[in-house]
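Residue numbers (the numbering used here), protein chains in the order written: chain C, 1 to 746; chain P, 1001 to 1289.
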């Protein structure tokens, strides 16, 4: 290992040891609960603001260092399998940014631990009592994260060779372990999803946690320790088999293995830290006297843990993508070299693409989290959506609008550099209109801010027409329409320089992949339709009179399956674009149009079914995006290209759009952090340990705005500094021979 | 350099815009929150309680998020607490009076706040409305009284000291301290209650009530037997209010569909009936070894 790498590892190891040390040392200091102060302050600082600041900064850096490896490894894999050297260069550059940010993330984490222990000793006592088992695992994992990260980065050149391993034993292992590694990997992913992202049947049936689940940890997994044991045994076996198979394949494969290992460790760190956050919102294992009587796994596996895991995973990907995009924008704007400009233009596109990928799925994860918050505590849910925090969602709507419209604008601007894209320019105004109208619906509050005279003129507190736009059916319809519009933008970008598609029969194996994907999407939609058809209305406190309402929606799910079959059928008949278009149109009409209107019917006649209706909409949109993408890949495989992509031939406005996206997503993260913490109101642990400090009041929007603005400024300044610092080591040169200016679409 | 300045200025203006948006929306939405959310009425008169109740309804209680009041509001998660034909043709106090035979409108409303799942309107799910006196809402007895006054006032009932007293009596079952008691001055949640000077009850009437409710099946003929996990009904030196709270709040649902659901059994009792039942249990506790 080089001196630099060794130094980096020592720094990170020291930070990890410091973190463990402060936790271990801090614990005895808070062990004597009866003599503990509840709160402390220092230097006249507001302790809550200090914790807020440090925690949010740590979260932002954490999002970056966890999000970037996810797509960094994917980029490296794409580069290893293809002939475009830019992907590997980009993956390496992302990892370089990562290594600069990692130490800062760890330092902020240690600082956060210090301030919480110092300012809130009693809170930390309760925390430690329930969760200290996870603290040690978390601290130890830091070593693994540091070592893996630096090894992954500093062996990039050493393990860059893609040629197969020449040793006979190695080739034998690579060949015979391929299938076991794939099977173990699939099992690992499935179990990890089940353990860390799936909230159990209570979530599906909208029943919420039972009293027993609340006291013991609310997932079915807590009553099935066998599954966790299986996972614990499977994981090292999978890693060993996969690692050996990778070693046997090639050095590059081994390097990719380390990247995947880095992601596994990083995601484990994330889910552990998430459990501390959600434990404060949905604590488990307390008896009526407020004493913790549960266990660590029960405390970790609390009701909101899994929804937050999913939301943060997707959010990290979007966050990382947009930050990388902003980095590329800055590099583009500050260089005059045409090759560098071309490279960073392309990098910005990739960053935006990754950001959009995360962004498209985020509303679903956010809805899931919000719904589970509501299931856990209707008080929290009502406060979030209809009470004190309802205006936060107006601000969120503004930011999300910026994100989606900005991401779309960047794509449309990018089409200017693609020869042949002018064919699709007429679509832009329709997509823009759809986005703006949907955004206006989304941002309309249910409760208009009125003076008494205005309310008297209007005849009441709520506008006779606009009030309906403030309810969930309208919001769900709007967001699904935004997602489909953005997806359509991206589809147009993909085919911008493509001519007529080749014969479907020449698309090779991809055709059969489309069939497989269609089976998957149809099964998903069909399974939910079956669930809805057989729904026990009494469990939702509904009578059979509500059955027609429920069945109405289930039949549309069935119709969507038919639409999927039709789309695939048309593709096989060489009318793939028509099939895609019909599928997208049908989904838009049903998910946004029909279900948007029928949602009001459900509100009035079968209110508890409304959450199931939202799942219907989500599934339709997700299934459509997945299937339409599969058809698109097969459809345009081998299509004739009618123009080239002139990377670098783009103005400054799209680059500033990338900066807008980065700033906006950082602000959104700050805003949502305020919301998540504020939902606890004056509770440290919701419903268990009350906040009796002088700061036990939810800050208003103005204070929140200025605080989040300050945090964002500090974060961006630190990131800029770190990236500059990382750049002092020497800037990477563009590849010796760039591919032709018209590479295949990414 | 030019682009560097432009980048910083652009990002700075976005961030500043966000902060100013927050400031603007706070002004639009009514200003920053007060240090304590919700209102406490103190020893207010009846009219003052109605105003305090309005503040609780739209503040600490977040009632407005789920309940409309006639034509005011458009929340549909919970039943409309006013008159809105055709689904809600009658005012609240009229509906409440008819809801449970033998239970007055005030008793019904008070119990619905302390035990929301005791009576749930058809078409609305159980387990959604929280018990407002318990964490996390933890409304005080006074706040609950004020919101009752507010709802009844909106329903067209004449508010005054008599109505307030009626509400207090209904609240006594749930441990609310009597007017002017030392506990009232400092009491917050139900957890802070002490004995409320509850009437002693008639043990003979309580014995008859004990039999008619089927209590012996789980607790034996005189409360001294524990069957299938049901507790022994030994009162010890617990106060009347402690016993009341224990019966109406801590008697949880049983899993076996054949066994009676205790809250549903006792929820049909009047205050007198509960007092008689406790009187009988005290007697048996004193007599049993």
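Ideal placement from N, C-alpha and C gives every residue a C-beta, glycine not left out.
- Task: Taking residue 383(C) as the query, report the chain P residues whose CB atoms sit under 7 Å from its CB, ordered along the chain.
- Result: Going along chain P in sequence order, the residues near residue 383(C) (Cβ under 7 Å) are 1062.
- Is there contact between the region 248 to 255 of chain C and the region 154 to 161 of chain C, where contact requires at least three CB pairs shorter than 8 Å? Taking one beta carbon from each stretch, the region 248 to 255 of chain C and the region 154 to 161 of chain C have 3 or more pairs nearer than 8 Å; the two touch.
- Query: If we cut at 8 Å on Cβ distances, does residue 1067(P) have a partner in chain C?
  - Reply: No, its Cβ sits nowhere closer than 8 Å to a Cβ of chain C.
- Name, please, each residue of chain C whose Cβ falls closer than 7 Å to the Cβ of residue 1019(P). Within 7 Å Cβ-Cβ: 705, 706, 709.
- Query: Going along the region 362 to 378 of chain C in order, which residues come within less than 8 Å of chain P, judged by CB to CB distance?
  - Reply: Going along the region 362 to 378 of chain C in chain order, one finds 377, 378 with a Cβ nearer than 8 Å to chain P.
- Query: Out of curiosity, what's the CA-to-CA distance linking residue 343(C) and residue 152(C)?
  - Reply: Annotation: residue 343(C) to residue 152(C) spans about 23 Å, alpha carbon to alpha carbon.
- Message: Using 8 Å as the cut-off, can you tell me whether the region 610 to 622 of chain C makes contact with the region 499 to 506 of chain C, which would need three or more C-beta pairs spanning the two stretches below that distance?
- Response: Under the 8 Å Cβ criterion, the region 610 to 622 of chain C does not count as touching the region 499 to 506 of chain C, having fewer than three qualifying pairs.
- Task: Can you give me the Cβ contacts of residue 490(C) inside the same chain, cut-off strictly under 7 Å, excluding the 5 residues immediately before and after it?
- Result: Cβ within range, chain order: 356, 411.
- Query: Can you tell which of 590(C), 43(C), 60(C) has the C-alpha that lies nearest to the C-alpha of residue 315(C)?
  - Reply: Distances from the CA of residue 315(C) to each of 590(C), 43(C), 60(C) were compared; the closest alpha carbon is that of 60(C).
- Going by DSSP, which residues form a beta bridge with residue 690(C)? The partner list for residue 690(C) (beta bridge, DSSP) reads 683(C).
- Backbone secondary structure at residue 292(C) - three-state DSSP: In the three-state reduction of the DSSP assignment, residue 292(C) falls in the strand class.
- Query: Does DSSP put residue 52(C) in a helix, in a strand, or in coil?
  - Reply: Secondary structure of residue 52(C) (DSSP, three-state): helix.
- Alpha-carbon to alpha-carbon, residue 657(C) and residue 409(C): For residue 409(C) and residue 657(C), the distance between alpha carbons rounds to 8 Å.
- Message: Spatial neighbours of residue 243(C) within its chain, please: C-beta separation below 6 Å, excluding the five flanking residues on both sides.
- Response: Excluding positions up to five away in sequence, the list reads 257.
- Evaluate contact between the region 1145 to 1160 of chain P and the region 559 to 566 of chain C, counting only Cβ atoms and requiring at least three cross-stretch pairs below 8 Å. Put simply, the region 1145 to 1160 of chain P does not touch the region 559 to 566 of chain C. Fewer than three CB pairs are less than 8 Å apart.
- Assuming residue 367(C) and residue 591(C) make a contact with CB atoms under 8 Å, what is their CB distance in whole Å? Not really, about 13 Å apart at Cβ, beyond 8 Å.
- Task: Quickly, what does DSSP pair residue 1088(P) with across the bridge? List them, please.
- Result: In DSSP, residue 1088(P) forms a bridge with 1084(P).
- Message: Under 8 Å, Cβ to Cβ, is there at least one residue of chain P near residue 541(C)?
- Response: Interface residue (Cβ-Cβ distance to chain P less than 8 Å): residue 541(C) is classified as such.
- Chain-ordered chain C contacts of residue 1003(P) [CB-CB under 7 Å]: Within 7 Å Cβ-Cβ: 333, 334.
- Message: So, with DSSP's three-state summary, where would you put residue 429(C)?
- Response: Note: residue 429(C) maps to helix in three-state DSSP.
- Can you list, in chain order, the residues of its chain whose CB lies under 8 Å from that of residue 42(C), leaving out five sequence neighbours each side? Excluding sequence neighbours, residue 42(C) sits near 118, 119.
- With 7 Å as the C-beta to C-beta threshold (strictly closer), list the residues of the region 644 to 662 of chain C near chain P in chain order. Of all residues in the region 644 to 662 of chain C, only 656, 659, 660 place a beta-carbon less than 7 Å from a beta-carbon of chain P.
- Neighbouring residues, chain P, relative to residue 441(C) (Cβ below 8 Å): Going along chain P, no residue has its Cβ under 8 Å from residue 441(C), so there is no contact; the nearest lies around 16 Å.
- Task: My understanding is that residue 317(C) touches residue 67(C), with C-beta atoms under 8 Å, so please give their C-beta distance in whole angstroms.
- Result: The beta-carbon distance between residue 317(C) and residue 67(C), rounded to whole angstroms, is 5 Å. This is short enough to meet the 8 Å contact definition.
- Near-chain P residues of the region 135 to 162 of chain C - C-beta to any C-beta below 9 Å: So the list is empty, because no residue satisfies the distance condition.
- Message: Suppose contacts are defined by Cβ-Cβ distances below 8 Å. Is residue 278(C) in contact with residue 305(C) by that definition?
- Response: Inclusion of residue 278(C) and residue 305(C) in the CB contact set at 8 Å is warranted, their separation being smaller than that value.
- State whether the region 516 to 531 of chain C contacts the region 658 to 672 of chain C, with contact taken as three or more CB pairs (one from each stretch) at a distance under 8 Å. Because the criterion of three Cβ pairs below 8 Å is not met, the region 516 to 531 of chain C and the region 658 to 672 of chain C do not touch.
- Item | Where residue 686(C) meets chain P, residues with beta-carbon distance less than 9 Å | Correct list: 1135, 1136.
- Report the residues of the region 393 to 417 of chain C with a CB closer than 9 Å to any CB of chain A, ordered along the chain. Checking the listed chains, one finds no chain A in this structure; the protein chains it contains are C and P.
- Message: I need the DSSP call for residue 96(C), collapsed to helix, strand or coil.
- Response: In the displayed model, residue 96(C) falls within a helix according to three-state DSSP.
- Among 481(C), 332(C), 373(C), which residue has its Cα nearest to the Cα of residue 431(C)? Checking every option, the nearest Cα to that of residue 431(C) belongs to 481(C).
- Query: Between residue 698(C) and residue 681(C), is the Cβ-Cβ spacing less than 8 Å?
  - Reply: Yes; because the gap between Cβ atoms is below 8 Å, this pair is in contact.
- Message: Under DSSP, the alpha helix (DSSP H) around residue 1051(P) begins and ends at which residues?
- Response: Its alpha helix (DSSP H) spans residues 1046 to 1058.
- Message: With the cut-off set at 8 Å, would you say residue 567(C) and residue 582(C) are in Cβ contact?
- Response: The answer is yes: Cβ separation under 8 Å.
- Cβ of residue 1188(P) less than 8 Å from any chain C Cβ? Summary for residue 1188(P): the model assigns pLDDT 41, below 50, so the residue's position carries little reliability; its value from the coordinates is reported in the next sentence. For residue 1188(P), the answer is no, since every Cβ of chain C falls outside 8 Å of its Cβ.
- Message: Assuming residue 1129(P) is part of the alpha helix (DSSP H), what are its boundary residues?
- Response: No alpha helix (DSSP H) contains residue 1129(P), which DSSP labels as neither H nor E.
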